[in-house]
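> Protein chains in written order, with numbering that gives the first Met the number 0: chain A, 0 to 136; chain B, 0 to 136. Ideal Cβ positions, reconstructed from N, Cα and C, are used throughout, including at glycine.
Number of protein chains: 2
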Amino acid sequence: MKKFSHTEIGKIIDQLDFSKLEGNLIPVIAQDEVSNEVLMLAYADKQAIEKTLETGWAHYYSRSRQKVWKKGETSGHVQEIKDFITDCDNDSILIKVKQIKAACHKGYYSCFYKTLDKGQFRVNSTRIFDPNDIYEK
Amino acid sequence: MKKFSHTEIGKIIDQLDFSKLEGNLIPVIAQDEVSNEVLMLAYADKQAIEKTLETGWAHYYSRSRQKVWKKGETSGHVQEIKDFITDCDNDSILIKVKQIKAACHKGYYSCFYKTLDKGQFRVNSTRIFDPNDIYEK
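Okay, structure coming up:
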């Protein structure tokens, strides 16, 4: 994706509605640019959207750590932004990304790896890395 | 999707985390079961999830109207649940659906119809119905 100037970023952010969720957050869905697989849902504040548009890499806001984080900053499993899309109400974001290795910190390509099957959630895909190899305990 | 008994639904709901968003809501991404296009993002409370699993049709919680609603109850543009998926933290839902006509009340197949292009949000698809024909003004 083309990277944007501060003026352009300000104009884009002014069109988005951060008022719907507590803490002025907007939900962001990350989707694989090729397969259209949904990879994760996270939240962004204005600063996280600014960083995303400025750098071309997905940034989110961590409510537990109360700070903006770059996806993949620890694991290297970054997300390169290919498309930045908003919805009818401008209160949700969909990003199409090139995902390096895997989106989920549990080792799956997508965080949505549990599908309801005969009343139980069952793993629907194969783990592609061992979290113990990536994250410090 | 198989429909579930009250006991089964209770056990499924007990595994989901409604504590992350104000009002005990969980975000629900609706995705086209065939094309994998993301159709919309909405929120559900426990009762909306119950109704979804009980009936096989997507139900959400409207924060503005403060009640559970069946998607398509006015327009007829219902969503038949094909898969019910949760993520690593059990705090987001992804439903794969068969979408009747279109998901967006503005007349587009997907609510995510505005893509950033040279610094502007531009419509990325063709309107398939006129909202004035469907909704009372």
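Using the beta-carbon of each residue, which ones in chain A are nearer than 7 Å to residue 146/B?
Only positions 0 to 136 of chain B appear in this structure, which leaves residue 146/B out of reach.
> Output yes or no for whether 8 Å exceeds the beta carbon distance between residue 36/A and residue 30/A.
Contact flag set, yes.
> Spell out whether any CB of chain A is found under 8 Å from the CB atom of residue 35/B.
Yes, residue 35/B counts as interfacial toward chain A.
> Considering only DSSP beta bridges, list what residue 37/A is partnered with.
According to DSSP, residue 37/A bridges with 30/A.
> Determine whether the Cβ of residue 129/B lies closer than 8 Å to any Cβ atom of chain A.
No, no contact with chain A.
> What would DSSP say about residue 116/B, mapped onto helix, strand or coil?
Of the three classes helix, strand and coil, the one that applies to residue 116/B here is strand, per DSSP.
> Sort 97/B, 73/B and 111/B by Cα distance to residue 41/B and report the nearest one.
Residue 111/B is the option with its Cα nearest to residue 41/B.
> Reducing DSSP to helix, strand and coil, say where residue 65/B ends up.
Residue 65/B: coil per DSSP, three-state reduction.
> Return the CA-CA distance between residue 3/B and residue 95/A, expressed in angstroms with no decimal places.
For residue 3/B and residue 95/A, the distance between alpha carbons rounds to 34 Å.
> Under the three-state reduction of DSSP, which class applies to residue 97/B: helix, strand or coil?
Strand, per DSSP.
> So, with DSSP's three-state summary, where would you put residue 127/B?
Coil, per DSSP.
> Would you identify the three-state DSSP class for residue 57/B, choosing helix, strand or coil?
In this structure, residue 57/B counts as coil in the three-state DSSP scheme.
> In terms of DSSP beta bridges, what is residue 85/A paired with?
Answer is 92/A and 113/B, bridged to residue 85/A.
> Would you report the Cα separation of residue 113/B and residue 62/B, rounded to the nearest angstrom?
The alpha-carbon atoms of residue 113/B and residue 62/B are separated by roughly 23 Å.
> Taking the Cβ atom as the reference point for each residue, do residue 106/A and residue 126/A lie within a distance shorter than 8 Å?
Yes, they are a contact pair.
> Give the DSSP-derived three-state secondary structure of residue 167/A in the structure shown.
Chain A is shown only over 0 to 136; residue 167/A falls outside these bounds and no answer can be derived.
> Are the C-beta atoms of residue 132/A and some chain B residue less than 8 Å apart?
Not one chain B Cβ lies under 8 Å of residue 132/A.
> Could you say which of 101/A, 88/A and 123/A lies nearest to residue 18/A if we only look at CA atoms?
Among 101/A, 88/A and 123/A, the Cα nearest to that of residue 18/A is on 88/A.
> Helix, strand or coil for residue 47/B per DSSP?
Residue 47/B falls in the helix class under three-state DSSP.
> So residue 104/B contacts chain A; which residues on that side make the cut at Cβ distance below 8 Å?
Result: 87.
> Between the alpha carbons of residue 56/A and residue 99/A, how many angstroms are there, rounded?
Those two C-alpha atoms are separated by around 11 Å.
> Can you tell me whether residue 33/A is buried or exposed? The criterion is at least 16 other CB atoms within 10 Å of its CB, across all chains shown.
It counts as exposed.
> Buried or exposed for residue 5/B, please, with buried defined as at least 16 other CB atoms from any protein chain shown within 10 angstroms of its CB.
So residue 5/B counts as exposed.
> In whole angstroms, what separates the C-alpha of residue 9/A from that of residue 51/A?
Spanning the two alpha carbons is a distance of roughly 13 Å.
> Do residue 15/A and residue 44/A come within 8 Å of each other at the CB atom, strictly closer than that value?
It is not a contact, given that the beta carbons lie outside the stated cut-off.
> Pull up the CB-CB distance for residue 76/B and residue 101/B, whole angstroms please, since I reckon it's below 8 Å.
Correct: roughly 6 Å between the Cβ atoms.
> Does any C-beta atom of chain B lie closer than 8 Å to the C-beta of residue 55/A?
Output row for residue 55/A: interface = no.
> How is the alpha helix (DSSP H) around residue 9/B delimited, first residue to last?
5-14 is the extent of the alpha helix (DSSP H) around residue 9/B.
> Any beta-carbon of chain A closer than 8 Å to the one on residue 17/B?
Not closer than 8 Å to any Cβ of chain A, the Cβ of residue 17/B fails to qualify, so no.
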